Every structure is written in structure tokens, then in C-alpha cells.
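Quick notes on the structure that follows.
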Amino acid sequence: MSSFTKYLNDSLAEIHEQNLYRTLREIDSPQDIVLKNNGQSVISFASNDYLGLANHPTVREAAKRAIDEFGGGSGASRLVTGSLTPHRLLENHLAKFKNTEAALCFSSGYQTALGALTSVLSANDTVFSDRLNHACLIDGIRLSKAQVRIFDHNNAKHLRKLLQEERTQRAATQSQRGQLLIVTESVFSMDGDLAPLSEIATIKDDFDAWLMVDEAHATGLYGKHRSGLAEQANVSDRIDIHMGTLGKALGAAGGYICGSMALRALLINRARSFIFSTAPCPAAAAAANAALTIVKSPEGEARCQRLWQRVAQLRQGLGLPSKPTSPIIPYIIGDEAMSLDVSQRLHKQGLLVPAIRFPSVAKSQARLRITLSANHTEEQITQLLTAIRTIVRPSSTQKTQ
Ligand SMILES: Cc1ncc(COP(=O)(O)O)c(C=O)c1O
């Protein structure tokens, strides 16, 4: 056996031993509520397609038209082959939607975070990052080489304390260190809870820090215009870097940054994940643009309302307080093997509820991550509740948000 094969086998054995081994499920249908998985029909409670737009006829049609007009691929990075009409339309639309001067799209949310953070930060700066921030934010901060101070999850008091410490330290050493950047998600991907954006914005002002908010799980769902939690919290104009994704409630693929024209220009010139990556395919940009039009329309509002009704039904059924509200409802089991077992037993009953394990969450914090869509029916939620009551052993620890 070659040393490389031995390394692979040993690594896989170690992952197995920790009950952290992952495989890919085979799906032979569109990503909608009922999926075809190895010939079995399963009701999905796994997707981030909260408004049910990924398989919406208008979104499909927009993608098809973009293929007819612009082909399958974008050819190269936009700095090499230029910005196609679907890219430009989408970015103008996003900037209007977020009420910012400009927007820039990336091929994925992950690339967006890496590109933005590495463009605005350098080793001289200090980042204040929520403990539960998504991996792409963590990786972007690491890649930037800036100093990091982690504040306790959604704990504005702790954030303030860390900023105060930093200020005192700098004053004591008369150090000329660089900028301060606060980074948080608005709706947390694995816990579904909401960041205290208003308090964070006040702290940002008090310390003259910059603020970046990742609205991946909030875009399309919160605020009068459904542009995100920042709109709902009335802090949009205090955010320097608005980040979001196009593959969740917008049902397409990609990520975006909204902000000033100067920020957009800097990203085009510095963000390596933009510069050195082929532009999003025309179909994805056109699909996201069509989804945005739906989100803003009365249909978008109706879909959102339906989603919140389903969320309320599930929360009530699980005995959870009605707030905080997001379409992500974690059912924390703790043990990795037990979470997998529960997920597999739900699957046997035709319900797809993924077990989320390390490194997506901390060790011994394994959970079922239930996500809801406007396309779920009341009956499907009832079916899930019945299955959870019968399958999840009363002895298993449950802590949900
Ligand atoms: C909070 C958050 N930000 C960013 C991303 C990355 O987005 P994408 O899937 O488009 O790469 C995700 C994806 O799961 C996420 O949950």
C-alpha cells in the first residue's frame, strides 16, 4: 500500500470512529419539498430554499431564457471576458433591493466572504467575530491574517467588553494598529437565532468600528421589503458591508456584497475569489434576478407569510416559544451517533431531516436541523411532528431555539 493510500485509509477510519463520516445522498428530482431519493419519495426538511423558489416556474423560465440568449458558461473571470447582461441586471437589482450604491456578485457565498474579508482587512487590523459565525467568515478572517477576537454568541455585552479591552490595550501601548471590524451573521445558519443587530450597530458607532453582516439566511425573509434582518432592525445604513447569498431564499446560486461604489471597486481590484474565478453562469444570475422580483412582489409577501405560519405551527408542536423566529429550527441531540440514528429513522418514515455534526457545529452539539419552506403543507408539518414524537427517545436531550 502506498503511503498516500495508507494516509487516506487512516484518515477515513478516524472520521468513521468519531461518527463524523459523511456520504452524498442521490437525488433524482428538483430540489422541492418531495424529493426522489433512490426511488423513495421523501419530504425534505433540509433545504435553505425557504420561499420555495428554486423550482418556481418563473425562476426556471428565467434560467432557460438566459441559456438561450447567453449560453451555459461565462467564459472566464469578469475581468477577462466582461460582465454579461444577467450579471449587470442582477447587481443593479440587488443594489436597489438593499438600498445601497452598488452590488457585486460572486459564484458562491463562500467565495463572497473570502473575497470581501481579504480585500478590506490586513494583518494590522482586528476583527470581532461571533463565536458561531459560518465557516466562510472564519476562513475569510483567517486568510486576511488580521487579529481575531471572538465574542460570545449574540452577546453584545461581551462584544463591547472586547472592543473596550482593545481600545485600552492600544492606548497603553500607543500602538498604531489598524481598523476594527465587527463580523456577524444576522440569522445563524445552524441555530436559527437572530443577531442583536441594533445593539451591535450602536457598539460599532461607539467604537468607530466597521460592520459586516452576512444575511445569507435572512435575505428575502425580513423587513417590509424583505431585504433582510438589517432592514427589520432599521440599521441598514450603518452596515458597511452587506453580504448575502443567492442560493437560499432566492433559490439560485451565488453570493453578493452590497455597499458603496468604492467598496465594489475595491473588491473588483482586490478580491482574489472574484478576480481568479470564472463569473457566475448566466442562468444562475438570471434565476436569482427573477427570484428577487418575486420576493418583492405580493406573491413574495404571501410566500413569506405562509412560511411564518408553518414555522409557528412547528414551534408550537415542539413546545417552543413563538419567538425568536426563523425557518431554521435545531433539535439538539448532542451525541453524534444518536443524531445520525434519529435522522436515519426519520428517513425510513419518508422524512429527510439531516443530522448536523462537527465541524458544522461544535462536538457533542449534534442536532437535527429542521428547515421549513413556504411550500410545506400543514399536513407535512404534522407528519414531521408525529414522527419526532415517536422516534426521538424521551431520554435524548433536546434543546431547541
Ligand atoms: C451564513 C452563511 N454564509 C455563507 C454561506 C455560503 O454560501 P454558499 O452556499 O452560497 O457558498 C452559507 C452557506 O451555507 C451560510 O450558511
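To convert, note that position 198 of the sequence shown is 198 in my numbering; the numbers rise steadily by one, no gaps.
Even for Gly, the Cβ is constructed at its ideal location relative to N, Cα and C.
All values derive from a computational prediction rather than experimental measurement.
Query	Result
Under the three-state DSSP convention, the category C281 falls into	coil
Backbone secondary structure at Y21 - three-state DSSP	coil
Same chain, Cβ closer than 7 Å to S47, neighbours up to 5 away in sequence not counted	Q31, T371 and S373
G254: CB within 8 Å of a non-hydrogen atom of ligand 1	yes
Range of the contiguous alpha helix (DSSP H) that encloses N269	M261 to R270
Beta-carbon spacing of C105, A285 below 9 Å	yes
Best match in A271, E301 and L346 for proximity to S77 [C-alpha to C-alpha]	A271
Heavy atom of ligand 1 within 8 Å of A113 beta-carbon	yes
Nearest-angstrom beta carbon gap, L181 and W210 [assumed within contact, 8 Å]	5 Å
Beta-carbon contacts of Q365 that lie in its chain and below 8 Å, excluding the five residues immediately before and after	I332, G334 and F358
Cβ-heavy atom distance, A171 to ligand 2, below 8 Å	For ligand 2, the structure offers nothing, since it holds only ligand 1.
For M1, three-class secondary structure by DSSP	coil
Boundaries of the alpha helix (DSSP H) in which Q309 is found, first to last residue	P298 to G317
M1 classed as buried or exposed, judged by whether at least 16 other C-beta atoms fall within 10 angstroms	exposed
Closest Cα partner of P86 within the set N55, S227, L292 and A387	L292
4 or more residues per run - each alpha helix (DSSP H) lying fully within the region 38-117	57-70, 78-81 and 85-98
Distance between G244 and Y110 (C-alpha atoms, nearest Å)	10 Å
Expected contact under 8 Å - CB spacing of N124 and G178 to nearest Å	4 Å
Unbroken beta strand (DSSP E) run spanning I370, endpoints	A366 to T371
Proximity test, Cβ basis, 9 Å: H217 and chain D	Structure shown: chain D not included; a single protein chain is present.
Own chain partners of T336 with C-beta closer than 6 Å, once the 5 adjacent residues on each side are dropped	Rather than Thr, the amino acid found at residue 336 in this sequence is Glu. Counting only Cβ-Cβ distances below 6 Å, and skipping sequence neighbours, we find N19, R357 and A366.
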